[in-house]
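Chains as they are written, first to last, in numbering that gives the first Met the number 0: chain A, 0 to 324; chain B, 0 to 324; chain C, 0 to 344; chain D, 0 to 344. Some notes on the structure that comes next.
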Amino acid sequence: MSKQSYAAALVDALHDAMRSDPRVSIIGGYVLGLGPQRTLTDRLKQDFPDRVFDPPTSEAGNAAVGVGASMAGMRPFVDLGTASFSYLAWSQLTNEAAVAHYMTNGRLTAPVTFHMLHGVRGGGAAQHSQSPHAMLWNAPGLEIVAPSTAADAYGLIRTALASPNPTMLVSHAKLLGIETEVSEKKSAIPFGVADIKRRGRDVTVVATSLMVPYCLTAAEALAKDGIEVELVDPRTLVPLDEKTIIESVSRTGRLVVVDECPLRGGIASEIAATVAERGFKHLKAPIVRVTRPDTPVPFSLPLENFVTPDPEKIAAAVRGALKAG
Amino acid sequence: MSKQSYAAALVDALHDAMRSDPRVSIIGGYVLGLGPQRTLTDRLKQDFPDRVFDPPTSEAGNAAVGVGASMAGMRPFVDLGTASFSYLAWSQLTNEAAVAHYMTNGRLTAPVTFHMLHGVRGGGAAQHSQSPHAMLWNAPGLEIVAPSTAADAYGLIRTALASPNPTMLVSHAKLLGIETEVSEKKSAIPFGVADIKRRGRDVTVVATSLMVPYCLTAAEALAKDGIEVELVDPRTLVPLDEKTIIESVSRTGRLVVVDECPLRGGIASEIAATVAERGFKHLKAPIVRVTRPDTPVPFSLPLENFVTPDPEKIAAAVRGALKAG
Amino acid sequence: MPKGPGEKRQWQFLERMLLIRRFEETVVKMATDGHFRGHYHLYIGQEGTGVPAIAALKRKDFLATTHRNHGHILARGADPGAGLAEILGRATGLNGGRGGTIHLCEPKLGFLSTSGVVGGCISLAVGGGYACAQRRDGSVTMALFGDGALEEGVSYEALNIAALWHLPVIFMCENNSAGAMGMAKGGYPSLVHASKNLLLIPKSMGIKSVRVDGVDAAAVHAATTRAISLCRSGRGPVFIEAMTPRWAGSDPLWPELATGITDLRMATGGAVPTGKHQAWFEHYDPVLRLARELANGGEESVHRLSALDEATRKRIADAADFALASPLPAPETALNHVFVQEASA
Amino acid sequence: MPKGPGEKRQWQFLERMLLIRRFEETVVKMATDGHFRGHYHLYIGQEGTGVPAIAALKRKDFLATTHRNHGHILARGADPGAGLAEILGRATGLNGGRGGTIHLCEPKLGFLSTSGVVGGCISLAVGGGYACAQRRDGSVTMALFGDGALEEGVSYEALNIAALWHLPVIFMCENNSAGAMGMAKGGYPSLVHASKNLLLIPKSMGIKSVRVDGVDAAAVHAATTRAISLCRSGRGPVFIEAMTPRWAGSDPLWPELATGITDLRMATGGAVPTGKHQAWFEHYDPVLRLARELANGGEESVHRLSALDEATRKRIADAADFALASPLPAPETALNHVFVQEASA
Ligand SMILES: Cc1ncc(C[n+]2csc(CCOP(=O)(O)OP(=O)(O)O)c2C)c(N)n1
Ligand SMILES: Cc1ncc(C[n+]2csc(CCOP(=O)(O)OP(=O)(O)O)c2C)c(N)n1
Ligand SMILES: [Mg+2]
Ligand SMILES: [Mg+2]
């Protein structure tokens, strides 16, 4: 076991996929954003100079090229940059990629992978901080993947690039530099299999992406007070491993869902609704959602902090959930 | 009391708003689609020839023009056509209209009204049948309005065009021709006030838009078996009248949420999550969601019917909800 | 006498063009008879563009089309029975009934997904061109789209990308706005563009661009053949604007058979064009125009024409019978094919 | 001796241009000192465009700007203290700390929302022009945007709408890609466009279009004045491409003060440009260029220059003090202003 950053694992996954499959290419000039990790992608350009493209600032066009190319047999990885800009490619995601297989009765596939940097990144303000994948959950036909560790990033990206379906892969901008343990030989991870990132008997916490390390920090603090959190990371929203979530709730009787999206129509709401419908009998107390309140993201740090879930807010919500019911 | 179609009431609202406020104009060539109601808008063009524009097929550009014009003091009504095409204007909705007021610390307003024809319309297939407003619920800063009757359409449109905030107004394509009762003098209806469309003691059903008449039909069938449904129509998702919903559940102990969006991340999920969090103690049984399954919409009628909520499915779900718990 | 393709090729063109014409006439009848619902779009009047353009492609090439796709699908050789069945939403349809008129698609003939979103086709086709370029096998992709697509920003982005990366894409713009009345006058949308010369748009990005008479099958075929050969040799993309005057039946919001069932005798002298649509019959109907050229070959040609017409009518009648007799899909199959089956299992 | 605006106007231009320069130099220092986070964009090297262009507007006119907005906001007369405070996320900032560098906005001076989404500005500005046209009061809207905006489809849609409806919009494209290294070489994005002549794009839609030397304040002012008067009389829109060679400090991905703190003595003969950036100092720095022209006026002018510089430095130093001393916003105010307060109450 050694440690690796999320960003390095992501680049490893791309490199290994490109080496093993000549159909894989990259459309996107700054897959890791403008931060310090960005140079990690240099070796992709060096080793596959004809398969890495620096496209114009044309999110819709770039996405469409990826979708069309995938229908013609390629496996493009299209980087949409900061996730807020995926809104410019929304029709390509929802009206084209998501429905092509269905609309042709299964005769066409669109195995394109999209990638974007989501989340409250620190000073990103209202137009560089979004997490649009909750919305995409309402557009059936896209696989949605939100890794939280280096090992998951590697394994899920390999699966995405091998998948016959269109996939949206999101990386939280703040995860890129975080190092986590990886085994010597990293390998593909199937979609639809939740990972219990921590075992605990008192309360089930469900979280993805950056919220996973935040929840682990909260869980450690709570453990000092004897509160044992079970942390379930679904890893993929589509397909969703409902079973693991509901089984965990059946053991703990309590559910806290943590997510950085705004409250209404966010990821937390869908998980909460699913359990309220299919795991109701296990619930001993109200479900609690820890999310951004329904505001755009403000620039200034104290404002940004106020609206963003963090380990303290998560711990407080868990304590609240344990008192209720 | 007389009867009027949803479409006629919508046109009345636009006409009255244009007459009373010279800042109101219309950007959109076919506000009522291509169906038989479309000629109702002719009198808008006749009476306000300089204030009705037939724009190019440029949803993003048209939406941006509306947003920019509203910032410069106008009150444009921008029709985006079939709701699936709003995805082409997604950045203008989420990145521009929704955040401008917030991002300027309240110094700018963007009082634009967007309109689109949503829903499974009958043969619309995967690209002409969507209901994107569930997604917009995750983009704080937009008011979201989904009328279900002629009176509500009139009253809510007047409020939208008078509102200082950006508003997304959706009309279900199948509602346009439905006639409902209107009083002699139609008037504005405030946002955030749910309307209990039917009183009942046994189960709370929450629905908007076309699902409201469908639920009324289901409720009548159920009443024959002695099951009394209370039907709550929030009318606006943003702001949401949580109080009326939760109070109703406190009386009935049971909740069925009906919505035409796909299941995951849809309107039904948000309502369910809200009640599972804030009205949990009233619940005697699992919450039930009646929605489209997570598939694109197929063209062929038996397929389309299979995936679309209808009075029979709603009634069956209500019966199920009464048996459980 | 036409220059360009030889007589054999002309007969091939006419066979497909007539097939499309009889198909579309049948579609109107099926709509009128209430056999399917919703808006639809006919290719009548544009057969002279789609058929010779698509005939210039090879088997390995890709194509993308739009809401007005019937003609393109048939031109490429799709089965008319499966086409009509799809329009009727039958299980035997090209898309198993999931697409309907707006989304007819035949992947095994190289079609990418048929998008009804204006601008969708042109941008997906650039992806097709990207795949062709990656493959380095000399294949190309052809986008067949309406002039209205140039109102959408994504089309412009797609043109730019194709130009930047020299992708092998033939942009075939079928400009059918001449003579159209447009939404403002209560008809079908026509071009709402400030440009008085659409070719200036691709030209602004350095894309080779030509205009051609879309009624003249030989001219279209020649221009397309040149464009394809440029693309195959890495000198693409190429933009072609084919001018196809609006057929009267496609001018109102809902299509109607304005010019009646096409009477091939108007080409052979057996019937005389008159009335409101005389100019159409004499000059703008691409089927009659080509038939007239071939009829010039003499009596044998006239016989051959009428035999072809009879065979075509028969073929479409059989196709219609097949479609009407085909079963609707089983309701619960609506849940299939959201994802590739093995992945979702 | 310059033609065009008189000397008085030149001094007014220089005052604003220098104010912007000292402001931006301070911004770099604040970033280096860790006073704010995130990516930012400087207007150094483009002062010769924004200042005279904006000076040609009237009070009633509207403007829209982009991520590279500092210069535009100051050119229009916004308070530099409130500008710096916004960049630092302070409660006293133009946006109360909610926007940061990318979104500086001054609604009371006619600015529409400052969008950081490439293409946002140009399309919102067409909305501004629509409002001006509806109002029929001769007002106009100016969009100030980078060349990169022409990679986004919405810009093209917006140009088309403005052209179709003859809206009074001045599209001021600041092309700063000449000399830029671009992402491919590890620097800041530069134009990725197949067009070798961006003016062909608006021209394809019949929009009047001119190119101007963006370093030459007088030339920019003259071109803008002409464009505005066309727009006011209903003959808009107009597109202007101002060529502003890339300032070395804006070329890398993260800005740096490549050419040091501007030394006005390089304009008055008190210091001699040398080194790597000699050409910049001698030809392309718009502030030095205008100062040099004014210094030609003789000793009095040289004194006036140095007095102006001193006053400007003082003004910016005060602004920086104000900003640094300003409080951060109270955390819980983050919940305000999602909607206009009375509406959400
Ligand atoms: C994005 C989008 N906006 C609007 C529509 C509605 N619509 C359907 S066809 C059409 C006109 C298209 O014109 P053109 O591309 O020239 O094709 P034509 O029908 O003339 O062949 C429009 C606006 C659509 N399908 N997609
Ligand atoms: C829609 C969108 N895509 C990508 C970006 C990232 N981005 C920020 S600035 C920039 C370059 C813009 O170039 P240009 O418009 O010429 O402005 P300049 O910075 O050169 O003044 C890009 C691509 C963005 N802000 N918005
Ligand atoms: Mg057309
Ligand atoms: Mg630039």
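Built from N, CA and C at the ideal position, the CB exists for glycine as well. Since the structure is predicted, the reported quantities are computational estimates derived from the model, not experimental observations.
Where the beta strand (DSSP E) containing residue i begins and where it ends
i: B/Thr-148; result: No beta strand (DSSP E) holds B/Thr-148; DSSP gives it neither H nor E.
i: D/Ala-266; result: Unbroken run through D/Ala-266 is the alpha helix (DSSP H), 264–267; no beta strand (DSSP E).
i: A/Lys-196; result: 194–197
i: B/Pro-261; result: 254–261
CA-to-CA distance, residue j to residue i, given in whole angstroms
i: C/Glu-331; j: C/Ile-121; result: 34 angstroms
i: A/Pro-330; j: B/Gly-252; result: Missing from the structure shown is residue 330 of chain A; chain A here goes from 0 to 324 and no further.
i: B/Ala-12; j: B/Thr-158; result: 10 angstroms
i: A/Tyr-365; j: C/Phe-338; result: Residue 365 of chain A lies beyond the range of chain A shown here (0 to 324); nothing can be said about it.
i: C/Pro-201; j: C/Asn-174; result: 15 angstroms
i: A/Gly-28; j: A/Leu-107; result: 28 angstroms
i: C/Ser-138; j: C/Pro-167; result: 8 angstroms
i: B/Glu-227; j: B/Glu-219; result: 9 angstroms
i: D/Glu-255; j: D/Trp-246; result: 10 angstroms
i: D/His-102; j: B/Gly-140; result: 17 angstroms
Chain A contact residues for residue i, given Cβ-Cβ distances below 8 angstroms
i: D/Ser-114; result: Gln-126
i: D/Pro-354; result: For chain D, the structure presents residues 0 to 344; residue 354 of chain D sits outside this window and is missing.
Neighbour list for residue i in chain D, Cβ cutoff strictly below 9 angstroms
i: B/Pro-54; result: Ile-160, Leu-163 and Trp-164
Coarse secondary structure for residue i, derived from DSSP in three states
i: A/Asp-78; result: strand
i: B/Met-73; result: coil
i: C/Ala-84; result: helix
i: A/Ala-129; result: The amino acid at residue 129 of chain A is misidentified as Ala; the sequence shows Gln. Coil at A/Gln-129, not helix or strand.
i: C/Ser-194; result: coil
i: A/Gly-34; result: coil
i: C/Val-301; result: helix
i: A/Leu-116; result: strand
i: C/Met-180; result: coil
i: C/Arg-15; result: helix
i: D/Pro-244; result: coil
i: D/Phe-321; result: helix
i: A/Ile-26; result: strand
i: C/Lys-202; result: helix
i: D/Phe-35; result: coil
First through last residue of the alpha helix (DSSP H) which encompasses residue i
i: B/Thr-93; result: That residue, B/Thr-93, is in no alpha helix (DSSP H); it is neither H nor E in DSSP.
i: A/Ile-245; result: 241–251
Under 7 angstroms from the C-beta of residue i: neighbouring residues of chain C
i: D/Met-204; result: Ala-193 and Ser-194
i: D/Tyr-155; result: Gly-152 and Tyr-155
Residues that residue i contacts on chain D, provided the C-beta gap is smaller than 8 angstroms
i: C/Glu-240; result: Neighbours of C/Glu-240 on chain D: none; closest Cβ ~13 angstroms, over 8 angstroms.
In DSSP terms, what residue i is bridged to
i: C/Asp-212; result: C/Met-242
i: D/Cys-172; result: D/Phe-144 and D/Glu-240
i: B/Met-167; result: B/Phe-113 and B/Ile-143
i: A/Phe-298; result: In DSSP, A/Phe-298 forms no bridge with anything.
i: B/Ser-325; result: As shown, chain B starts at 0 and ends at 324. That puts residue 325 of chain B outside it, with no answer to give.
Partner residues on chain D for residue i, Cβ-Cβ distance less than 7 angstroms
i: C/Ile-200; result: Ser-203
Cross-chain neighbours of residue i in chain B, by beta carbon under 7 angstroms
i: D/His-336; result: His-100, Tyr-101, Asn-104 and Gly-105
i: C/Ile-101; result: Ala-124
Per-residue contacts from residue i into chain E (C-beta, under 7 angstroms)
i: A/Gly-225; result: No chain E appears in the structure shown, which is made up of the protein chains A, B, C and D.
Closer than 7 angstroms at the beta carbon, the chain A residues around residue i
i: B/Ser-83; result: Asn-94
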